[in-house]
Amino acid sequence: MTRFEVQVFSDTTCPWCYLGLMSLDRAMETYKQQHPDAEFEVAWKPFYLFPEAKVSAYPKRDYYLRKFGPSRIAGFYARLSAAATSLGVPPPSFAGTTGNTRDSHRLVLLAQRRSPALGRRLLHAIFEDEFGPAGRDVSDRAFLAEVAAREGLWASEAEALRWLEGGGDGEEGEELGREADEIDRLAKSGKEIEAVPSYVVQGRFRVGGFQEPGVFLGVFERVRALEEEAAAKLKGDDGVLP
47 MTRFEVQVFS DTTCPWCYLG LMSLDRAMET YKQQHPDAEF EVAWKPFYLF
97 PEAKVSAYPK RDYYLRKFGP SRIAGFYARL SAAATSLGVP PPSFAGTTGN
147 TRDSHRLVLL AQRRSPALGR RLLHAIFEDE FGPAGRDVSD RAFLAEVAAR
197 EGLWASEAEA LRWLEGGGDG EEGEELGREA DEIDRLAKSG KEIEAVPSYV
247 VQGRFRVGGF QEPGVFLGVF ERVRALEEEA AAKLKGDDGV LP
């Protein structure tokens, strides 16, 4: 059995991270069909693309126009559309506004702390509502509270909103904010993570940018082959561990 540890560095305002999450999911599902004994442990890591962004301050299309410039924005949209088509999903919508993503990362870290499956569901829900036809704003605490309650992080939107606005239960909310800030700082302090999405498998195999499921499958197969090779070297000539 191979146990895969996958770190995913992403920002919730990044459409490539949204598509990359779906691509990784497809790859893990396919691999588990091929190798039912495989296990995956996925950890979501905050990375702030625009740490100085304000709350609900930017129409999404203007946001990305400023980032890429008039000469590159058409290509940006075309590449996103092609990637979405390859996954069989609608291209991301850029309706509505966006802004600072720190609160969303606090929520995902909290959900992940409670259960990896809950963290994954919450991240999916945020992305789907943000880049879907509704064009929800990831910096809007009312939206985040709605999603958090819907996915079962709290029993009600009111509870979720109190957590977001008051720093959480005791120091929990602020602690998670500091944790998100530190993960972002450490990721940016080295040269390993320069953009998102970025993926690190088994702490050593790095995959940068949006990739098709086949790229992840290739990494998983390489990890499995290396583990089998290492196990074989530990065996004696009679095939039994010494």
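Position 184, counted from 1, in the sequence shown is what this note's numbering calls 230; the numbers after and before it change by one each time, with no gaps.
Glycine is no exception: its CB is placed at the ideal position from the N, C-alpha and C atoms.
Because the structure is a prediction, the values reported are computed rather than measured.
*Identity of the residues DSSP links to residue 184 by a beta bridge*: Within the sequence shown, residue 184 is the residue found at index 138, counting from 1. Residue 184 pairs with nothing; no bridge assigned.
_Comparing C-alpha positions only, which one of 279, 263, 181, 202 sits nearest to residue 107?_
For the purposes of this step, residue 107 is taken as the residue at position 61 of the sequence shown. Residue 107 has its Cα closest to that of 181, out of 279, 263, 181, 202.
*Meets three-Cβ-pair contact criterion under 8 Å: the region 131–146 and the region 86–104*: yes
*What does DSSP give as the partner residues of residue 144 in its beta bridges?*
Position 98 of the sequence shown, counting from 1, holds the residue named residue 144. According to DSSP, residue 144 shares a beta bridge with 104.
*Quick one: grab the DSSP three-state call for residue 50.*
On the sequence shown, residue 50 is found 4 positions in, with the first residue counted as 1. Three-state DSSP puts residue 50 in a strand.
*Which residue from 265, 222, 246, 281 puts its Cα closest to that of residue 88?*
To locate residue 88, count along the sequence shown from 1; it is residue 42. Checked all of 265, 222, 246, 281; the closest Cα to residue 88 is 246.
*asked:* Counting only C-beta atoms, is residue 260 closer than 8 Å to chain D at any point?
replied: The structure shown contains no chain D; it is built from a single protein chain.
*N- and C-terminal bounds of the alpha helix (DSSP H) containing residue 205*: Locating residue 205 in the sequence shown gives position 159, counting from the first residue. Run containing residue 205: 203–212, per the alpha helix (DSSP H) assignment.
_Distance, residue 102 Cα to residue 184 Cα_ = By one-based count along the sequence shown, residue 184 stands at place 138. By one-based count along the sequence shown, residue 102 stands at place 56. Roughly 8 Å between the two C-alpha positions.
_Boundaries of the beta strand (DSSP E) in which residue 253 is found, first to last residue_ = Here residue 253 refers to the residue found at position 207 of the sequence shown. It spans 251–254 - the beta strand (DSSP E) in which residue 253 sits, taken as one unbroken run.
*Given residue 55, which residues of its chain have a CB within under 7 Å of its CB, disregarding the five upstream and five downstream residues?*
Within the sequence shown, the letter at position 9 stands for residue 55. Closer than 7 Å at Cβ, skipping near neighbours: 91, 93, 233, 239, 242, 243, 244.
*the region 186–198 / the region 161–177 touching (three or more Cβ pairs under 8 Å)*: yes
*For the beta strand (DSSP E) that contains residue 90, what are its first and last residues?*
For this step, residue 90 is matched to residue 44 along the sequence shown. Looking at the DSSP string, the run of the beta strand (DSSP E) that includes residue 90 is 85–92.
_Does the region 247–266 come into contact with the region 70–87, if we say contact requires no fewer than three beta-carbon pairs (one atom in each stretch) closer than 8 Å?_
yes
*For residue 242, which of helix, strand or coil comes out of DSSP?*
Locating residue 242 in the sequence shown gives position 196, where the first residue counts as 1. DSSP places residue 242 in coil when its eight states are reduced to three.
_Mapping the DSSP letters down to three states, classify residue 96 as helix, strand or coil._
In the sequence shown, counting from the first residue as 1, residue 96 sits at position 50. Three-state result, residue 96: coil.
*Would you report the Cα separation of residue 287 and residue 272, rounded to the nearest angstrom?*
Within the sequence shown, the letter at position 241 stands for residue 287. Within the sequence shown, the letter at position 226 stands for residue 272. At residue 287 the pLDDT is 49, less than 50, meaning the model places this residue with poor confidence; the figure from the coordinates comes in the next sentence. Going by the C-alpha atoms only, they are around 17 Å apart.
*How long is the line joining the alpha carbons of residue 175 and residue 188, rounded to whole angstroms?*
Here the question's residue 175 lines up with position 129 in the sequence shown. Here the question's residue 188 lines up with position 142 in the sequence shown. Using only the alpha carbons, I get a separation of about 13 Å.
*Euclidean distance between Cα positions of residue 131 and residue 123*: In the sequence shown, residue 131 corresponds to position 85, counting from 1. In the sequence shown, residue 123 corresponds to position 77, counting from 1. Between the alpha carbons of residue 131 and residue 123 lies a gap of roughly 12 Å.
*Are the beta-carbon atoms belonging to residue 137 and residue 155 less than 8 Å from one another?*
For the purposes of this step, residue 137 is taken as residue 91 along the sequence shown, with counting starting at 1. For the purposes of this step, residue 155 is taken as residue 109 along the sequence shown, with counting starting at 1. Contact: no.
*Report the partner residues of residue 135 according to the DSSP bridge assignment.*
Locating residue 135 in the sequence shown gives position 89, counting from the first residue. Under DSSP, residue 135 shares a beta bridge with no residue.
*Using alpha carbons as the reference points, say which of 81, 111, 281, 251 lies closest to residue 53.*
Here residue 53 is taken as the residue at index 7 of the sequence shown, counted from 1. Checked all of 81, 111, 281, 251; the closest Cα to residue 53 is 251.
*By how many angstroms is the C-alpha of residue 140 removed from the C-alpha of residue 51?*
Working through the sequence shown from its first residue, we reach residue 51 at position 5. Working through the sequence shown from its first residue, we reach residue 140 at position 94. Rounded to the nearest angstrom, the two C-alpha atoms are 32 Å apart.
*asked:* Can you check which of these residues, 150, 224, 277, 201, is closest to residue 57 by C-alpha distance?
replied: Position 11 of the sequence shown, counted from the start, is the residue given in the question as residue 57. Taking only the C-alpha atoms, the option nearest residue 57 is 150.
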